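Heads up, the thing below is written out as structure tokens.
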Amino acid sequence: MGRPPCCDKSTVKRGLWTPEEDAKLLAYTATHGSGNWTSVPKKAGLKRCGKSCRLRWTNYLRPNLKHDGFTPEEDEKIIALHATIGSRWSVIAKKLPGRTDNDVKNYWNTKLSKKLYQSGIDPITHRPVSHVMETIRGLQNADVHCGNLSSVPASTFSPIFPQPQLGRAHGEASCSSTEKAASEFKWTDFLMESLLSSDGDTFATGSDNNAAVVDHGLDPSAGFMCDAMGVPCGGDSSSSSPFVDAILEQERELVSKFYQFLGDHSDLS
DNA sequence: AAATCGGGCAACCGCGCGCAG
DNA sequence: CCTGCGCGCGGTTGCCCGATT
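Read the first sequence against the working numbering and you will find it ends at 365, with the numbers running on by one and no gaps.
The following block contains the structure:
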């Protein structure tokens, strides 16, 4: 059984907000504060979903939001943070006063990623495009297997586009120490260090454990970079379900074909 | 002037997490 | 421990509007 919808979509208004609706929501939050969004539409006299009210308030009506263009300093900060933690827009937005995650996400998707690419930097890996293409060609020639991939420099893989996680599908519990040794250098580490030293802060992620993990350049939610190559090391890596194993196997094949496709079309770059 | 295209952005959707009962 | 609910998040969609043909 799926989760029931938060509101009746047939009776709820959708689409752009009118100035009158904004005024009602502002008036309500000014006197009652934000929170308990499910009851806000009723109390504020709005025919909107509570979720829609929350979104409108956090992305547009909230006090101290900046509505002007991004500065070059903000650009630099976004790029550096994206290189370090990937597309965790809420974390990035917290580092930019007056900006929302939606702002940052839209700005990245429409402007910054293109700007980076035009300047010869791959917006996914944050490495020179030529290096990325070289790596893909290397992968095409390599037998796609966890052990063989250890020969590929660890810095090749992006946190948000890690290499195929084959060990997980085949129940390989962990990578060997030699595999780890081959990837001692973590380019994200020095990015993180430079960021942290610049403002002396850490990335709050909602729990102490998570914060500690992020401090070491790891992503507690996505599980990327258990070692520097994006291959999970340690822990239970196999699924107990044949169904899940089949899906993982299928995913593995797709990733392999994808890399092969990129290699076949490397002349397009 | 009209039609089409494409960029930018606001809003929506679905999922995961945390918490209270 | 389980379940339901509220909230926050990232990804995606769709509308608006200026540029181009």
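C-beta atoms are modelled at their ideal positions from N, C-alpha and C, and glycine is treated no differently.
Keep in mind that this is a model prediction, so the values were computed, not measured.
Continuous alpha helix (DSSP H) stretch holding residue i: start and end
i, result
"tryptophan 185", "185-190"
"lysine 138", "136-140"
"arginine 150", "146-152"
"isoleucine 181", "168-181"
"asparagine 160", "Unbroken run through asparagine 160: none, as it is neither H nor E."
"tyrosine 124", "115-128"
"leucine 212", "209-214"
"aspartate 199", "197-203"
Proximal residues to residue i (C-beta, below 8 angstroms), its chain only, five neighbours per side dropped
i, result
"isoleucine 174", "Phe166, Ile188, Leu192, Val200, Tyr203, Trp204, Leu208"
"tyrosine 213", "Pro219, Val225"
"glutamate 170", "Leu192, Arg195"
"isoleucine 217", "Arg223, Pro224, Val225"
Cβ separation of residue i and residue j, assumed to be a contact under 8 angstroms, to the nearest whole Å
i, j, result
"leucine 121", "leucine 151", "About 11 angstroms; that fails the 8 angstroms criterion."
"glycine 146", "threonine 134", "4 angstroms"
"serine 130", "tryptophan 113", "So it is not a contact: roughly 16 angstroms between Cβ atoms."
"valine 108", "lysine 143", "6 angstroms"
"cysteine 149", "proline 137", "6 angstroms"
Own chain residues within Cβ distance below 6 angstroms of residue i, not counting five before or after
i, result
"histidine 222", "Ala179"
"leucine 161", "Gly194"
Chain-order list of residues whose beta-carbon lies under 7 angstroms from that of residue i (same chain, five-residue window excluded)
i, result
"threonine 125", "Trp153"
"asparagine 198", "Asn155"
"cysteine 132", "For clarity, residue 132 is asparagine in the given sequence; the question names cysteine instead. Answer for asparagine 132: no residue qualifies."
"serine 186", "Asp197"
"glycine 141", "Lys120"
For residue i: DSSP bridge partner residues
i, result
"isoleucine 220", "DSSP lists no partner for isoleucine 220."
heavy atom of the ligand NAD below 7 angstroms from residue i C-beta
i, result
"leucine 177", "In the structure shown, the ligand NAD is absent, as is every other ligand, since no ligand is present at all."
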